[in-house]
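Heads up, the sequence shown is in this note's numbering, so the first residue is 39 and it goes up one at a time.
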Amino acid sequence: MKYVTLGKTGLKISKVGLGGIPIQKSNAQEVKALLQALIEQGVNYIDSARGYTVSEELLGEALEGMRDRFVLATKSMARTKEAMEKDIQISLQNFRTDCIDLYQVHNPSEADLETVLAPGGALEALQEAKAAGKIGHLGITAHSLAVFERALELDWVETIMFPYNIVESQGEALMAKCTERNIGFIDMKPLAGGAIEDATLALRYICANPDVTVVIPGMYSVKEAEENLAAVLNESPLTEEEKQKIEAIRGQLGTNFCRRCNYCQPCTKGISIANVFLFAGYLQRYDLGEWGYSRYQTLPVKADACVDCGLCETRCPYHLPIREMLKKCAADMKTFEETRAAKQ
Numbered sequence: 039m040k041y042v043t044l045g046k047t048g049l050k051i052s053k054v055g056l057g058g059i060p061i062q063k064s065n066a067q068e069v070k071a072l073l074q075a076l077i078e079q080g081v082n083y084i085d086s087a088r089g090y091t092v093s094e095e096l097l098g099e100a101l102e103g104m105r106d107r108f109v110l111a112t113k114s115m116a117r118t119k120e121a122m123e124k125d126i127q128i129s130l131q132n133f134r135t136d137c138i139d140l141y142q143v144h145n146p147s148e149a150d151l152e153t154v155l156a157p158g159g160a161l162e163a164l165q166e167a168k169a170a171g172k173i174g175h176l177g178i179t180a181h182s183l184a185v186f187e188r189a190l191e192l193d194w195v196e197t198i199m200f201p202y203n204i205v206e207s208q209g210e211a212l213m214a215k216c217t218e219r220n221i222g223f224i225d226m227k228p229l230a231g232g233a234i235e236d237a238t239l240a241l242r243y244i245c246a247n248p249d250v251t252v253v254i255p256g257m258y259s260v261k262e263a264e265e266n267l268a269a270v271l272n273e274s275p276l277t278e279e280e281k282q283k284i285e286a287i288r289g290q291l292g293t294n295f296c297r298r299c300n301y302c303q304p305c306t307k308g309i310s311i312a313n314v315f316l317f318a319g320y321l322q323r324y325d326l327g328e329w330g331y332s333r334y335q336t337l338p339v340k341a342d343a344c345v346d347c348g349l350c351e352t353r354c355p356y357h358l359p360i361r362e363m364l365k366k367c368a369a370d371m372k373t374f375e376e377t378r379a380a381k382q
């Protein structure tokens, strides 16, 4: 395993870490086995969040007896001092530890960030917890370039997490500034929220950029971990064939796609928006119509239930035209259904 220094924190971490989102669909026994496998491979970085439902709790239970083998990071969407104090305490209890190595402000908007920084804001709670030894270091996560740029100016920010992958390179110039200012860059969404299916190619592309300090693909099984680690440890230059595949993926996905972050939820009509886009993607991009259609049919509320309220779009950090995208998904699924019926 290749180890790097996480910016100003001075923490020595593995080049690849565990992204804790998929842990939500696992159980303590499976997570324990996963962590043991990661230890054997030299992985020592874990990232979770208060917003990932049971992820912190499952990791905390699995970490019993091996807490000292990992650098532990989490994050909270709390914006006020009182709310952040509460979340920090919950995280400590969930992880069954007396200190979390890195605590991050989770995806603030520009307005949210001002609240965090203001008197009575979340930063006060974070700095007090750091002074008390409950937190080792402070960071921020973002989906917005404006927030990323603002974070670079804040002297307390030791790490910045931002999406970077084959089809999302909008942060490259700011990533380079992270390197210049010794701020650790944590790469999230390495597979663009699952839109990129070739994980090996995606991770090789990311790790070829020296401005990426650590990449944190979501993992919940030992098999996934083994595949991801093999990709990261292969430091040979990208081949011409791989470069051609990268361009093909860019042409296929563009920028107008769902990253499955689920910030748009809940839908007022109960539509599982990310799953609609996921299943429609099999039909629209991968020529797997039957596969996508069959899974789409399992959804209790279909895309055509959208009432155009637009609430989802106010929450989307990528400003996607979700309502129009849902209409297209509904139309494509209907067309596929009609074509399918005509052939039978």
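Backbone N, C-alpha and C define an ideal beta-carbon position, used for all residues, glycine too.
Express the C-alpha separation of Val260 and Ala71 in angstroms, rounding to a whole number.
7 Å
For Thr238, which residues of its own chain have a beta-carbon under 6 Å away from its beta-carbon, when the five flanking residues on both sides are left out?
Excluding residues within five positions, the ones whose Cβ falls inside 6 Å are Ala269.
Rank Val253, Ala263, Leu291 and Ile244 by C-alpha distance to the C-alpha of Pro275 and give the top, closest one.
Ile244
Helix, strand or coil: how does DSSP classify Ala87 here?
coil
Can you round the beta-carbon distance between Tyr331 and Met363 to whole angstroms, since I take them to be within the 8 Å contact cut?
That pair is no contact at about 17 Å.
Could you check which residue in Phe315, Lys381, Leu267 and Leu321 has the C-alpha nearest to that of Leu52?
The sequence shown places Ser at residue 52, rather than the Leu named in the question. Comparing Cα positions, the closest option is Leu267.
Among the candidates Lys168, Arg361 and Phe186, whose CA atom is the shortest distance from the CA of Ala215?
For the sequence presented, residue 215 should be read as Lys rather than Ala. When only C-alpha atoms are compared, the closest one is Phe186.
Bridge partners of Gln142, per DSSP?
Lys113 and Gly177
For Gly222, report the span of its beta strand (DSSP E) as first-last.
Gly222 to Met226
Since Val253 contacts Asp225 with CB under 8 Å, what's their CB separation in whole angstroms?
4 Å
Answer with buried or exposed for Met122, where buried requires no fewer than 16 other C-beta atoms within 10 angstroms of its C-beta.
buried
Can you tell me where the alpha helix (DSSP H) with Ile61 in it begins and where it stops?
No alpha helix (DSSP H) holds Ile61; DSSP gives it neither H nor E.
Helix, strand or coil for Gly171, going by three-state DSSP, please let me know.
coil
Using a Cβ-Cβ cutoff of less than 8 Å, which residues in the same chain neighbour Glu102 once the five nearest sequence positions on both sides are dropped?
Excluding sequence neighbours, Glu102 sits near Arg134.
For a test of the three-state rule: what should DSSP assign to Thr197, helix, strand or coil?
strand
Considering only the beta carbon of each residue, do Pro146 and Arg117 sit closer than 9 Å?
Cβ distance < 9 Å, so Pro146 and Arg117 count as in contact.
For His181, count the other beta carbons within 10 Å of its own beta carbon; 16 or more makes it buried, fewer makes it exposed. Which is it?
Taking all protein chains in view, the Cβ of His181 is crowded by 16 or more other Cβ atoms within 10 Å, so the residue is classified as buried.
Taking the Cβ atom as the reference point for each residue, do Leu358 and Asn294 lie within a distance shorter than 9 Å?
yes
Can you tell me where the beta strand (DSSP E) with Ser129 in it begins and where it stops?
Counting along the chain, Ser129 falls outside any beta strand (DSSP E), though it belongs to the alpha helix (DSSP H) covering Lys119 to Phe133.
Tyr141 burial status per 10 Å Cβ neighbour count (16 or more: buried)
buried
Is Arg298 buried or exposed, if buried means 16 or more other CB atoms sit within 10 Å of its CB?
buried
Option in Thr352, Leu321 and Leu212 with minimal Cα separation from Phe374
Leu321
Just how far apart, CA to CA, sit Glu37 and Ala369?
Absent from the model: residue 37. The displayed extent of the chain is 39 to 382, so no value can be given.
Does the Cβ of Lys281 have 16 or more other Cβ atoms within 10 Å, making it buried, or fewer, making it exposed?
Lys281 should be labelled exposed.
Report the three-state DSSP secondary structure of Glu262 (helix, strand or coil).
helix
Where Val345 falls: helix, strand or coil (DSSP)
coil
Over what stretch of residues does the beta strand (DSSP E) that includes Ser52 continue unbroken?
Lys50 to Ser52 is the extent of the beta strand (DSSP E) around Ser52.
When the Cα atoms are used, what is the spatial distance from Thr277 to Arg288?
Take the alpha-carbon of Thr277 and the one of Arg288: they are about 17 Å apart.
Buried or exposed, going by whether 16 or more other CB atoms sit within 10 Å of the CB of Gln208?
exposed
Segment limits, alpha helix (DSSP H) that includes Val154
Glu148 to Leu155
Answer with buried or exposed for Met199, where buried requires no fewer than 16 other C-beta atoms within 10 angstroms of its C-beta.
buried
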